[in-house]
Amino acid sequence: MDGLKEIEGENIMMKKVRYIKGLGIEKIASTQEDHVIDRHQGIEHYKDIIYQCGKCGTCRTVFQDVNWARVCPSGELGKFEAYYLGGKNLLIWGLTSGKLKWTDNLAKIFYKCSLCLACTQQCQIPELHTYAGEWLMAMREDAVQNGFGPMLEQKQYAQYIDDLHNPYGEQHENRRAWFPSEITQNTSSKLAYFVGCTASYRENDIAVSTVKILNSLNIDFRILENESCCGSPVFMTGQTDKAKELAVSNVEMFKDEKIEKIITSCAGCYRALKEIYPKKFELKHGIEIIHLPEFISIKLKNGSLKFNNNINMKVTYHDPCHIGRHMGLYKEPRTVLENISGLELVEMDRNMHNAWCCGSGGGVRSAFKDLSEFSARERIDEALETNATAIVSSCPFCLNQFKTNIKNEEISVYDISQLIEKAI
Ligand code: SF4
Ligand code: SF4
Numbered sequence: 000m001d002g003l004k005e006i007e008g009e010n011i012m013m014k015k016v017r018y019i020k021g022l023g024i025e026k027i028a029s030t031q032e033d034h035v036i037d038r039h040q041g042i043e044h045y046k047d048i049i050y051q052c053g054k055c056g057t058c059r060t061v062f063q064d065v066n067w068a069r070v071c072p073s074g075e076l077g078k079f080e081a082y083y084l085g086g087k088n089l090l091i092w093g094l095t096s097g098k099l100k101w102t103d104n105l106a107k108i109f110y111k112c113s114l115c116l117a118c119t120q121q122c123q124i125p126e127l128h129t130y131a132g133e134w135l136m137a138m139r140e141d142a143v144q145n146g147f148g149p150m151l152e153q154k155q156y157a158q159y160i161d162d163l164h165n166p167y168g169e170q171h172e173n174r175r176a177w178f179p180s181e182i183t184q185n186t187s188s189k190l191a192y193f194v195g196c197t198a199s200y201r202e203n204d205i206a207v208s209t210v211k212i213l214n215s216l217n218i219d220f221r222i223l224e225n226e227s228c229c230g231s232p233v234f235m236t237g238q239t240d241k242a243k244e245l246a247v248s249n250v251e252m253f254k255d256e257k258i259e260k261i262i263t264s265c266a267g268c269y270r271a272l273k274e275i276y277p278k279k280f281e282l283k284h285g286i287e288i289i290h291l292p293e294f295i296s297i298k299l300k301n302g303s304l305k306f307n308n309n310i311n312m313k314v315t316y317h318d319p320c321h322i323g324r325h326m327g328l329y330k331e332p333r334t335v336l337e338n339i340s341g342l343e344l345v346e347m348d349r350n351m352h353n354a355w356c357c358g359s360g361g362g363v364r365s366a367f368k369d370l371s372e373f374s375a376r377e378r379i380d381e382a383l384e385t386n387a388t389a390i391v392s393s394c395p396f397c398l399n400q401f402k403t404n405i406k407n408e409e410i411s412v413y414d415i416s417q418l419i420e421k422a423i
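Note that numbering that gives the first Met the number 0 numbers the sequence shown so that position 47 is 46, with each residue one more than the last.
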């Protein structure tokens, strides 16, 4: 928060921190403390708060910073008020007051949104800032309950998860096929590396780098034999019953295996295990969940790790929505990158809570290719403007999205685990 003076003030009850910048205008930004608030209720719970939306349009652009740059991929592609948060709030008012009824087209508006929450960061009404992401989710649940959701492609991957324990339709027995033969796991370790489906089947380099990092740090770990989808893809598309089933069976497995700590390299899995399981499904598992860059940044800070190798590269960091806006992890990956000698980190104009979404989340990539590609294109162009030679992120889905959408541009893409492995 460069140039901003931090004070704690009026919104203490909502665990908000207000920032004051020039001109005497107050600005609200999310912090990790926001995430202690009970969340994930049904739409009825939020009905009265939604009425506070003044349809001012502030949620369309970055509030005050970077020349009020646009933040909402859904609205910028849709070019119609209904696709922005303010318009969606009006639709919710219509649906909850009985003035509107669910239709296929109405459901598509709620699904054609990556649930990136960039809009909520800009809204200056505290309750909307805090809860709007929750009612966008609740509307998907409502659409499913009324038979208008999820989208066809999202139903398909739910079926794959049912049959094969992953959304890609891959065979379960191949889930750990990437595992390097020279590395030994401790099959009785209480620490599990939760790989997730995308690193297991699509972005194996992340999984390989992560186990090599753990191995070189002499950390006893294991990958659970029956690891299965964390449930994030079905949760994010409103298929809550399915997501709950997965959460319950995963937590039972963790308990049976006596797991006390889980490291994950996936932003979606991290949020599912750490936030959705206890807060939405009330599964108070008591297991410590830690994201890889968070784990490494703690070691760097307490002096138990020092990187040995230089990486001479100019990179820009893309904040994955699931660990950034959804979970408040902005500093940790940057701490990791800043500790690598030779590596220069340059920021894109829209960064941290203002970051533009890569367009892979919220079920958008499977169901709305146009929105997904539009979003990725804009983020790649923004990265190119920094003159960085690589985009770095901390999420297998972001990595896969950038790899797919970078065409002939002179920029490469890495997951942070790959750089950590090189630097150690
Ligand atoms: S959600 Fe907030 S910023 Fe957006 S239109 Fe409503 S009051 Fe304005
Ligand atoms: S969550 Fe993201 S895509 Fe959806 S309305 Fe908000 S800013 Fe737009």
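Glycine is no exception: its CB is placed at the ideal position from the N, C-alpha and C atoms.
With distances taken between CA atoms, Ser264 lies nearest to Ser208 out of Thr388, Ser208, Ser231. In this model, Gln238 and Asn145 are separated by some 12 Å (Cα to Cα). Sequence-distant Cβ neighbours of Trp101 in its own chain, meaning closer than 6 Å and more than five residues away, are Asn145, Phe147. Distance check between Ala389 and each of Ser371, Glu409, Asn404, Leu272 places Glu409 closest, using alpha-carbon atoms only. Positions of the beta strand (DSSP E) runs, each at least 3 residues long and wholly inside the region 206-286, are given as 260-263 in order along the chain.
Taking C-beta separations shorter than 6 Å and ignoring five residues to either side along the sequence, the partners of Ser231 in its chain run Gly267, Ala271, following chain order. With a cut-off of 7 Å, the C-beta of Ala131 is classified as near ligand 1, since at least one heavy atom of the ligand falls inside that distance.
If you check the C-beta of Asn66 against ligand 1, you find no heavy atom less than 7 Å away. In this structure, the alpha-carbon of Pro179 lies about 8 Å from that of Val210. Excluding five sequence positions before and after Cys228, the CB atoms of its chain that fall closer than 7 Å to its own CB belong to Ile160, His164, Asn165, Pro166, Cys196, Leu245, given in chain order. The DSSP-derived three-state label of Thr315 is strand.
Checking the 7 Å criterion, the Cβ of Gly74 is within range of a heavy atom belonging to ligand 2.
Taking a C-beta distance under 8 Å as the contact criterion, Lys189 and Glu259 qualify as a contact pair. Under the DSSP assignment, Ser374 falls in the alpha helix (DSSP H) whose first and last residues are 368-384. Burial is judged here by how many other beta carbons sit within 10 angstroms of a residue's own beta carbon; Gln120 has at least 16 and is buried. Put simply, the backbone Cα of Asn307 is about 40 Å away from that of Val363.
Following the DSSP letters along the chain, one finds Ala191 inside the beta strand (DSSP E) bounded by residues 190-193. In terms of CA proximity to Val61, Arg349 leads the group Arg349, Ala106, Asp380. Under the DSSP assignment, Asp103 falls in the alpha helix (DSSP H) whose first and last residues are 103-110. Just so you know, the alpha carbons of Asp103 and Ile405 end up roughly 33 Å apart. Between the beta-carbon of Thr57 and that of Cys122 there is about 6 Å, and that keeps the pair under the 8 Å contact cut. The continuous beta strand (DSSP E) containing Leu342 extends over residues 342-345.
If you look at Ile49, you'll find it in the alpha helix (DSSP H) that goes 42-49.
Counting only residues of its own chain and dropping the five nearest sequence neighbours on each side, Ser416 has a CB closer than 7 Å to the CB of Ile205, Ser208, Thr209, Ile212, Ser264, Leu291. One Cα belongs to Val391, the other to Tyr413, and the distance between them is close to 5 Å. Ile390: member of the beta strand (DSSP E) spanning 389-392, first to last residue. Restricted to the region 153-205, the alpha helix (DSSP H) segments that are unbroken, complete and at least 4 residues in length are 196-200, listed in chain order. In this model, Ser303 and Lys87 are separated by some 48 Å (Cα to Cα). Val61 sits in coil when the DSSP states are folded into three classes, being neither helix nor strand.
For Lys273, the closest C-alpha among the options Met326, Leu383, Ile379, Phe373 is that of Met326. Three or more beta-carbon pairs drawn from the region 135-142 and the region 40-51 are found closer than 8 Å, and the two stretches are therefore classed as touching. Annotated as proximal: Ser393 and Ile322, with beta-carbon spacing under 8 Å.
Taking each of Lys421, Ser359, Glu251 in turn and checking the Cα distance to Val335, the smallest one comes out for Lys421. Ranked by Cα distance from Ile91, the first of Ala68, Arg69, Gly132 is Gly132.
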